[in-house]
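**Q**
Number of protein chains: 2
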Amino acid sequence: METNDLTIAQFQRHISEKYEKVDRQRGPAKTFLWFIEEVGELATALNGTDKANLEEEFADVVAWLCTLANITEVDLAAAIQKKYLGEKPPEGHK
Amino acid sequence: METNDLTIAQFQRHISEKYEKVDRQRGPAKTFLWFIEEVGELATALNGTDKANLEEEFADVVAWLCTLANITEVDLAAAIQKKYLGEKPPEGHK
Numbered sequence: 001m002e003t004n005d006l007t008i009a010q011f012q013r014h015i016s017e018k019y020e021k022v023d024r025q026r027g028p029a030k031t032f033l034w035f036i037e038e039v040g041e042l043a044t045a046l047n048g049t050d051k052a053n054l055e056e057e058f059a060d061v062v063a064w065l066c067t068l069a070n071i072t073e074v075d076l077a078a079a080i081q082k083k084y085l086g087e088k089p090p091e092g093h094k
Numbered sequence: 001m002e003t004n005d006l007t008i009a010q011f012q013r014h015i016s017e018k019y020e021k022v023d024r025q026r027g028p029a030k031t032f033l034w035f036i037e038e039v040g041e042l043a044t045a046l047n048g049t050d051k052a053n054l055e056e057e058f059a060d061v062v063a064w065l066c067t068l069a070n071i072t073e074v075d076l077a078a079a080i081q082k083k084y085l086g087e088k089p090p091e092g093h094k
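Protein chains in written order, with the numbering used here: chain A, 1 to 94; chain B, 1 to 94.
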């Protein structure tokens, strides 16, 4: 598959198939801790100059967000469509 | 477009076209503050019972992550492909 063809739904499903069983046993609260750890690593990478590491940390944050969505029964693509691609998207980021 | 067809690259580009000019002027550090505010709202939603709100907060976190990626020149789809869909993906979330 071409990189640009990767859909949000496909990646969320990929994370589900590969990791959800363990993720679900851990539960949302503990999984949120892991997510935040990755967010912290993203902050560190933003402060640094290692572009490859920055890219990796962005990927990790998306992956853990997919995990959180999987174990809380949220369809990320549908949620994004509704909030940002519907009739009344946010006028602007603050 | 069908919701399930929404690609990561398309959504990152959509956020760029709609918000990047202002986002870029704000810079990565201040943009990270807004991102974290949304992460906090996601935590609140995870503690609650309002599913529609939970979905909205997930969407906001993804959108602000796209903004951060846009202003730091990161291609999210490529980063995800490299880390999670390449030859040596992570064996498991911890």
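Glycine is no exception: its CB is placed at the ideal position from the N, C-alpha and C atoms. Predicted model only: the values in this text are computed from it and were never measured.
1. Output, in sequence order along the chain, the residues in the stretch 4-21 of chain A whose CB is closer than 8 Å to any CB in chain B.
2. For a contact defined as C-beta to C-beta under 9 Å, what are the partners of K82 (chain B) on chain A?
3. Give every residue of the same chain whose Cβ lies closer than 7 Å to the Cβ of F11 (chain B), excluding the five residues on either side of it in the sequence, and list them in chain order.
4. Taking G92 (chain A) as the query, report the chain B residues whose CB atoms sit under 7 Å from its CB, ordered along the chain.
5. How many angstroms separate the CA atom of W64 (chain A) from the CA atom of E55 (chain A)?
6. What in chain A is Cβ-close to L33 (chain B), meaning under 9 Å?
7. Measuring alpha carbon to alpha carbon, tell me which residue in A:A43, A:G27 and A:E20 is nearest F32 (chain B).
8. Output the boundary residues of the alpha helix (DSSP H) element that contains P89 (chain A).
9. Helix, strand or coil for T44 (chain A), going by three-state DSSP, please let me know.
10. Does the beta-carbon distance from N70 (chain B) to E20 (chain B) come in below 9 Å?
11. Run down chain B in chain order and give the residues with a C-beta less than 8 Å from the C-beta of T72 (chain A).
12. Which first and last residues belong to the alpha helix (DSSP H) in which V62 (chain B) is found?
13. Are L76 (chain A) and F58 (chain B) closer than 9 Å when you measure CB to CB?
14. Name the two residues that bound the continuous alpha helix (DSSP H) containing V22 (chain A).
15. I'd like to know whether the C-beta atoms of A85 (chain A) and H14 (chain B) end up nearer to each other than 9 Å.
16. DSSP three-state call for D5 (chain B): helix, strand or coil?
**A** Taking the geometry as given:
1. N4, D5, L6, T7, I8, A9, F11, H14, I15, K18 and Y19
2. By one-based count along the second sequence, residue 82 (chain B) stands at place 82. What K82 (chain B) touches in chain A: T3, A52, E55, E56 and A59.
3. Translated into the one-based positions of the second sequence, residue 11 (chain B) becomes position 11. These residues qualify, in order along the chain: C66.
4. Along the first sequence, one-based indexing puts residue 92 (chain A) at 92. Simply Y19 and V22.
5. On the first sequence, residue 64 (chain A) is found 64 positions in, with the first residue counted as 1. On the first sequence, residue 55 (chain A) is found 55 positions in, with the first residue counted as 1. Near 15 Å, if we compare the C-alpha coordinates of E55 (chain A) and W64 (chain A).
6. In the second sequence, residue 33 (chain B) corresponds to position 33, counting from 1. Those within 9 Å of L33 (chain B) in chain A number zero; the least Cβ separation is about 10 Å.
7. Within the second sequence, the letter at position 32 stands for residue 32 (chain B). Among A:A43, A:G27 and A:E20, the Cα nearest to that of F32 (chain B) belongs to A:A43.
8. On the first sequence, residue 89 (chain A) is found 89 positions in, with the first residue counted as 1. Note, P89 (chain A): premise wrong, no alpha helix (DSSP H); not H, not E.
9. Working through the first sequence from its first residue, we reach residue 44 (chain A) at position 44. DSSP places T44 (chain A) in helix when its eight states are reduced to three.
10. As a working note, residue 70 (chain B) is residue 70 in the second sequence. As a working note, residue 20 (chain B) is residue 20 in the second sequence. In contact: N70 (chain B) and E20 (chain B) (Cβ atoms closer than 9 Å).
11. Position 72 of the first sequence, counted from the first residue, corresponds to residue 72 (chain A). Residues of chain B passing the Cβ test: L46 and L54.
12. As a first step, residue 62 (chain B) is located in the second sequence; it is residue number 62 there, counting from the start. K51 to I71 is the extent of the alpha helix (DSSP H) around V62 (chain B).
13. As a working note, residue 76 (chain A) is residue 76 in the first sequence. As a working note, residue 58 (chain B) is residue 58 in the second sequence. Cβ distance < 9 Å, so L76 (chain A) and F58 (chain B) count as in contact.
14. In the first sequence, counting from the first residue as 1, residue 22 (chain A) sits at position 22. Here the alpha helix (DSSP H) through V22 (chain A) covers I8 to R26.
15. Taking the first residue of the first sequence as position 1, residue 85 (chain A) is located at position 85. Taking the first residue of the second sequence as position 1, residue 14 (chain B) is located at position 14. Reading off the sequence, residue 85 (chain A) comes out as Leu, not Ala. In contact: L85 (chain A) and H14 (chain B) (Cβ atoms closer than 9 Å).
16. Residue numbering aside, residue 5 (chain B) sits at position 5 when the second sequence is read from its first letter. Note: D5 (chain B) maps to helix in three-state DSSP.
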